[in-house]
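Written out below as structure tokens is the structure these notes cover.
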Amino acid sequence: MAGAGISTAAGIPDFRSPGCGLYSNLQKYKLPDPQAIFEIGFFRQNPQPFFTLAKELYPGSFKPTLCHYFIRLLNEKGLLLRHYTQNIDTLERVAGLPAEKIVEAHGTFHTSHCLECKHEYTVDWMKERIFSDSVPTCEKCDGVVKPDIVFFGEDLPTRFFVCAEKDFPKCDLLIILGSSLTVQPFASLIDRVPKVCPRLLINRERAGHRDWVMAALQMGRGLDFDSRDNFRDVAWLGSCDEGCQMLADKLGWGDELRKLVVDEHVRISKQQNETSKRQTEYPSEKKRAESEHQ
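So in the working numbering, spot 257 of the sequence shown is number 264, and the numbers just go up one at a time.
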């Protein structure tokens with residue numbers, strides 16, 4: 008299970024932090040709070056702030072972290088049953104994790120749909136419009152087109168529930184990476200593993216503590232680090248990259264992981280440079296039309 012903490016080392020900005028450039032750029036939209044960008048009701052009324060943010064955070068602008076490549080190694084070693092992520096940055100895919108191994112609990116940028124007629128659009132179609140600083144509108148009905156990421160007020164993908172139902176009872180080790188474990192129903196997944204399954208949290212601070220109120224609401228009892236009865240819950244406090252490198256070293260994969268990160272970052276940089284060169288030499292039809300019109 009993974010949250011935003013696995014991607015901070017990639018340089019993805021924290022748009023919620025007052026004072027950061029991204030937050031300041033959004034103030035002209037008079038947001039009630041930064042989270043409003045991801046509220047479906049606010050988006051329907053004013054989609055522009057989201058697309059301003061999306062341009063800054065768009066997949067392809069960042070490289071996967073060491074933590075992402077550790078997850079890939081777990082899969083290549085035959086140890087990964089499934090990777091559940093709260094992130095929408097698609098860095099797991101970029102790192103080479105097969106799509107069937109990923110459950111994107113909060114959706115993905117890989118596809119988009121019109122809010123009105125539900126017509127589907129590709130990632131390339133959406134990317135071109137986001138980077139042209141326009142609100143994407145449907146070619147069929149002129150409705151607003153939204154990437155298939157889950158906003159507050161929307162249901163999670165069916166795949167999340169279907170996979171969780173069959174995966175978690177089989178789990179023999181649950182690793183939780185960089186998540187505050189505060190957003191439901193994702194956070195409650197930690198209680199769906201067998202009672203003898205070890206649960207390892209790698210995060211900068213403890214999260215998912217045992218909560219008797221949540222237990223009473225049948226939302227799970229949480230992680231139990233300090234009680235005398237604890238025999239399976241461990242918190243390793245620090246960055247996700249540091250924690251994953253330590254695990255890799257203990258497993259004898261340390262050098263392999265370091266080399267994988269270096270090689271993959273070189274490959275991605277080369278790919279990004281080639282893409283940038285092609286875009287310069289062969290601008291999109293929309294940009295060519297605008298240029299000719301001028």
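Note that beta-carbon positions come from the ideal geometry of N, C-alpha and C, so glycine has one too.
Values in this document were obtained by computation on a predicted structure and should not be read as measured data.
Secondary structure note for residue 184: its beta strand (DSSP E) is the uninterrupted segment 181 to 184. Around the beta-carbon of residue 70, 16 or more other beta-carbon atoms lie within 10 Å, marking it buried. Counting the other Cβ atoms within 10 Å of the Cβ of residue 269 gives fewer than 16, which makes it exposed. In the DSSP annotation of this structure, residue 216 is not part of any alpha helix (DSSP H), being labelled neither H nor E. Residue 243 is bridged by DSSP to 209. Shown here, residue 153 sits in a strand according to DSSP, grouped into three states. Separation of the CB atoms of residue 153 and residue 119 is rounded to 6 Å, and the pair is thereby assigned contact status at 8 Å. Residue 244 is a Cβ neighbour of residue 210, given a cutoff of 8 Å. Taken through DSSP and simplified to helix, strand or coil, residue 187 comes out as coil. Between residue 181 and the set 278, 106, 196, 42, the nearest pair of CA atoms involves 196. Membership of residue 48 in the alpha helix (DSSP H) is indicated by the continuous run 47 to 52. Inter-residue distance for residue 83 and residue 168 is about 25 Å (C-alpha atoms, whole angstroms).
Annotation for residue 122: 51, 150, 151, 152, 153 place their beta carbon closer than 8 Å to its own, counting only its chain and skipping 5 residues before and after. CA-to-CA, the gap between residue 48 and residue 190 works out to about 19 Å. Contact between residue 112 and residue 92 holds: their C-beta atoms lie close to 7 Å from each other, under 8 Å.
One alpha carbon belongs to residue 103, the other to residue 56, and they sit about 31 Å apart. One Cα belongs to residue 166, the other to residue 110, and the distance between them is close to 7 Å.
A distance of 8 Å or more separates the beta carbons of residue 267 and residue 177. In the structure shown, the three-state DSSP call for residue 102 is coil. In the structure shown, residue 141 falls within a coil segment according to DSSP collapsed to helix, strand and coil.
Taking every protein chain shown into account, the CB of residue 241 has fewer than 16 other CB atoms within 10 angstroms, so this residue is exposed. Residue 10 places its beta carbon less than 8 Å from that of residue 186.
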